[in-house]
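**Student:** All residue numbers in the sequence shown are consecutive under my numbering, ending with 337. Every residue gets a Cβ at the ideal spot worked out from N, C-alpha and C, and that includes glycine.
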Amino acid sequence: MTRYALITGASSGIGLALAEALARRGRNLILVARQRDALESIACELTQRFSVEVLFRICDLSQPLQASGLLHELEQGERSIDLLVNNAGIGTSGAYVAQDWPREQQLIELNILALARLCHAIGTIMAGQGSGQILNVASVAGFQPGPGMSNYYASKAYVLHFSEGLREELKAYGVKVSVLCPGPTRSAFFRTAQMDVQALQGSKLMMSAEEVALITRDHHPWLAQPPDCP
Numbered sequence: 108m109t110r111y112a113l114i115t116g117a118s119s120g121i122g123l124a125l126a127e128a129l130a131r132r133g134r135n136l137i138l139v140a141r142q143r144d145a146l147e148s149i150a151c152e153l154t155q156r157f158s159v160e161v162l163f164r165i166c167d168l169s170q171p172l173q174a175s176g177l178l179h180e181l182e183q184g185e186r187s188i189d190l191l192v193n194n195a196g197i198g199t200s201g202a203y204v205a206q207d208w209p210r211e212q213q214l215i216e217l218n219i220l221a222l223a224r225l226c227h228a229i230g231t232i233m234a235g236q237g238s239g240q241i242l243n244v245a246s247v248a249g250f251q252p253g254p255g256m257s258n259y260y261a262s263k264a265y266v267l268h269f270s271e272g273l274r275e276e277l278k279a280y281g282v283k284v285s286v287l288c289p290g291p292t293r294s295a296f297f298r299t300a301q302m303d304v305q306a307l308q309g310s311k312l313m314m315s316a317e318e319v320a321l322i323t324r325d326h327h328p329w330l331a332q333p334p335d336c337p
């Protein structure tokens, strides 16, 4: 059975950079995001450049019904997922009690619940087959509280500690779990979070998504190595 790496939030930023890095190393991909036009273009380009199979699914993982639909498809086992990259996420900024609750709820649904559901569904399959790889994207924000972005920082703390615990639980089954904690990265994140990043422009603290993907590959070489098919 053909094996795939599934990447959420794959239409831009770190997700897109990781998709290209993995395709370059010969991995077949399933890309998940909300933007159909972007995913169609990315899938076509990566297929042509790297001669890999690139599928995509249009899904807003912050919407529980849409997330359930994707999970149902994955649980059918028609395609083998040997690498899960949970990258999708959003941020909000400003005093927590001044924010609209639906937006804060959307953050929790996407950054925490969708990630946890995917890890549960695909992690169960991986444990059963005795192999697999999971990479969850957290942030340096997960190491500290963040007044002005309290919900976002807390969500990344969840991803960090959840991933560390899951790694210990799944390693006995031959499943590798890692967590990526990048710093400020040039992407659409700051715009969607309605943040002013002028102070960070040109700063050594700000990295490109491609730099983050390169560091990830170098520190986790198993990400770029498709396992031998049985």
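(1) Are the region 251-264 and the region 184-201 touching, with three or more C-beta to C-beta distances below 8 Å?
(2) Leu242 to Ala202, Cα distance in whole Å?
(3) Restricting to Cα atoms, I'd like to know which of Gly255, Ile188, Pro254 is closest to Met233.
(4) Out of Gln206, Gln142, Tyr265, Ile149, which has the shortest C-alpha to C-alpha gap to Leu168?
(5) Please report how far the alpha carbon of Asn218 lies from the alpha carbon of Leu177, in whole angstroms.
(6) Within 10 Å of its beta-carbon, does Arg134 have 16 or more other beta-carbons around it, so buried, or fewer, so exposed?
(7) Taking 6 Å as the limit between beta carbons, can you name the residues of its chain near Lys263, skipping five residues before and five after?
(8) Have a look at Tyr280 and Gly239 and give me their C-alpha separation to the nearest angstrom.
(9) Looking at the structure shown, is Ser257 part of a helix, part of a strand, or coil, going by DSSP?
(10) State yes or no: is the C-beta of Glu185 nearer than 8 Å to some heavy atom of the ligand ATP?
(11) Leaving out five residues on either side along the sequence, give the residues of the same chain with a beta carbon under 6 Å from the beta carbon of Leu113.
(12) Kindly list the residues whose CB is nearer than 6 Å to the CB of Tyr265, restricted to its own chain and excluding five residues on each side of it in sequence; keep chain order.
(13) Which residues in the same chain as His268 place their Cβ atom closer than 7 Å to its Cβ, once the five residues preceding and following it in sequence are excluded?
**Tutor:** According to the structure shown:
(1) yes
(2) 31 Å
(3) Ile188
(4) Gln142
(5) 16 Å
(6) buried
(7) Ala245, Ser246, Ala248, Gly249
(8) 9 Å
(9) helix
(10) Among the components modelled here there is no ligand, and therefore nothing to report on the ligand ATP.
(11) Ile137, Ile188, Leu191
(12) Ile219
(13) none
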